[in-house]
Every structure is written in C-alpha cells, then in structure tokens.
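Numbering (the numbering used here), first residue to last: 13 to 358.
Don't be surprised by glycine CBs; every beta carbon is placed ideally from N, CA and C.
Please read these numbers as outputs of a predicted model, since none were measured by experiment.
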C-alpha cells in the first residue's frame, strides 16, 4: 500500500491557504459553463489548463477531491466570470488577462506512467501518452540497468517505447562505453533505436517521424539532455539546461515538473518533458511484474518446473535455460538479477 504524504507544518498551512483560495473563488466570482481542457503543467495546488476549443491556456485551481492530476490529464473546468465595478460590460464577459478557473473533474485515464517516491508512495508522472522516448547518452555515463528499469516500467504501463541515444556526436565516449553494441540487443527484441544530437542538429527528422501524431513523453536520467531536446524541437521555449558535473559525471536536475509542448499540427500531438532522476525505483512491482517487463522473457514465463520460479537459480527454469542457449542475452538476465536482488524500498 502506498505511503501517505508526510506534510510539514508549512506545507499544511499552504494546503489550507490554497483550499481557501478555491472556496473564495467560488464565493466571489461567478463560474462559467463547463469546458473541456488538457492539463499541460502542474504547480502545487494549481495547474495550467489548455482550453481544447479556444486553444487558450488558463491557470486553474484544483478541487480537493481530484487526487493527483498530472500533465496529460483530460479535465472539465470552469472559468470565473468577472464584472468590473466601474464597467458597463456584461457580467457574462470573461476577462482573459485576469481569468482563473477551477478544475472540476478528471476523465478516466487511458494510460498512466508512475514511479514510487520515497515519501509519497506511487507518484504519477504523466497520463494518456501513447509513446515514451527513453533517452540515454554517453554523458552522464550510460547504464543498461537504469535503461532496463525504465523499460520494465513502460512495459508494465503498456505504452509503446522508443530508445533515443542523445549526444551521438560524442563518438569517442559512445565507442568507449560500447553503447551501440549493447543496444543491438534491444533492437533485436523489438525496441526502435534513434540516434540524435540536439547540439549538433542530427537525427531531428527521424525523431519527429516517431513523435508527430503521438502524445509522447521524454524520460531519462538527469543530464541526458531532455531539456536540450525540447529547446531543439521547440526553439521558442528556451528552457534552462545544466552541464554535467566533471567530477561525478552525473547530471544535474533542471526540469522540476512534467510539462506539455505542442507540435503545430492542429492539436494532434505533443511532447512532455519530465524531471530527470538518477535511479528509477521499482519497489512497487513484484518479481513476476519485473520479469514480465523483459519482453523476451514472456514466452517462457509459466513454463518453468516450479510455479513460483523467480528465474534466479531454480532447477528447471526455462528462462535460465534460454540464457544458456543464447536465446536470451546474458547481459539482460544479469540486469534482471541485479534489479530483483536490490528491489527494496530504501
């Protein structure tokens, strides 16, 4: 069962203050008719909502009962209608520059990508995407175990996934870490691989070919260049980017909340930038769910000698036999063992 948030006194006061604002908004302003919207960014007890009809964005408060809305959620919301005291304008006039609103309901989600948080239980990342781009790079150092953690999560969420190698201009680093050689295994089991460089302007058309017409998200380790990719694809955004630490060779957090960026195709597709992390926990998943996250394991699951086989060292394990017969890559099984052996909540 997911842990409940432990709020500080300041956080409790802020929650009460925000709830008061919602109540006050309802009392002092007339709320208009229900509108259909899309959450494009979440900020505490408020969210930026795109009006589907007018393509205008409004900052809206969240009703207390809504749970944890995230970017990609389709919602119903109402705008406040303001009448200036010294104006002869109708009370039906909406002053866009002053307008805020209230999100009333969230539609049922088609997909949900989430991850466990140490203090917040399961934390939703994005809703209703149908494509995930897992971004890897030679800096910070490439980790196939971290890549597998992401792929386990995306497979359990049942969302189509593409692996993106960013910073492909760093040819020496890629060669030294044997990244392309390692990723041949992933290509063989069905994962598309795209090579790009946001800095050197390489591979943009191939990335756009996969992204256009999709509701997608960029995920990956801090420092792999997700914000740089957003700046590259959406040059008017000018997101902040951070350099890699020369001592630790680790990325530094830039993006703090998931946010949607729309392609210019009549609202048919968008890309979500997500906060980077240095480790993707899977302690909300059991051994069977982790094994199912390995696509090449699936054909063998349920055929082992023992019903509760964990595919570690049990006699009669068909997955271990497939590894010995080179039907499953040794490296992928090694990563699986590392993940289940360390899959405890910190």
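- Cβ atoms of residue 83 and residue 138 come within 8 Å of each other, at about 5 Å.
- By the C-beta density criterion, residue 65 is exposed, having fewer than 16 other C-beta atoms within 10 angstroms.
- The DSSP-derived three-state label of residue 163 is helix.
- Contact between residue 214 and residue 181 holds, since their C-beta atoms are separated by about 7 Å, short of 8 Å.
- For residue 346, the enclosing alpha helix (DSSP H) begins and ends at 342 to 353.
- Per DSSP, the continuous beta strand (DSSP E) segment holding residue 70 begins and ends at 69 to 74.
- With respect to the 9 Å criterion, residue 119 and residue 156 are not classified as neighbours on the basis of their beta carbons.
- Taking 9 Å as the cut-off, the beta carbon of residue 326 is found closer than this to the beta carbon of residue 316.
- DSSP, read as helix, strand or coil, puts residue 114 in strand.
- Counting along the chain, no alpha helix (DSSP H) covers residue 48; the unbroken beta strand (DSSP E) around it starts and ends at 47 to 55.
- Out of 71, 50, 218, 46, the CA that lies nearest to the CA of residue 58 is found in 71.
- The residue among 112, 245, 201 with its C-alpha nearest the C-alpha of residue 276 is 245.
- In the displayed model, residue 309 falls within a helix according to three-state DSSP.
- Under DSSP, residue 60 takes part in a beta bridge, and its partners are 53, 71.
- Residue nearest to residue 54 within the set 299, 44, 115 is 115 (criterion: CA-CA distance).
- Excluding its 5 nearest sequence neighbours in each direction, residue 218 has C-beta neighbours in its own chain below 7 Å: 206, listed in chain order.
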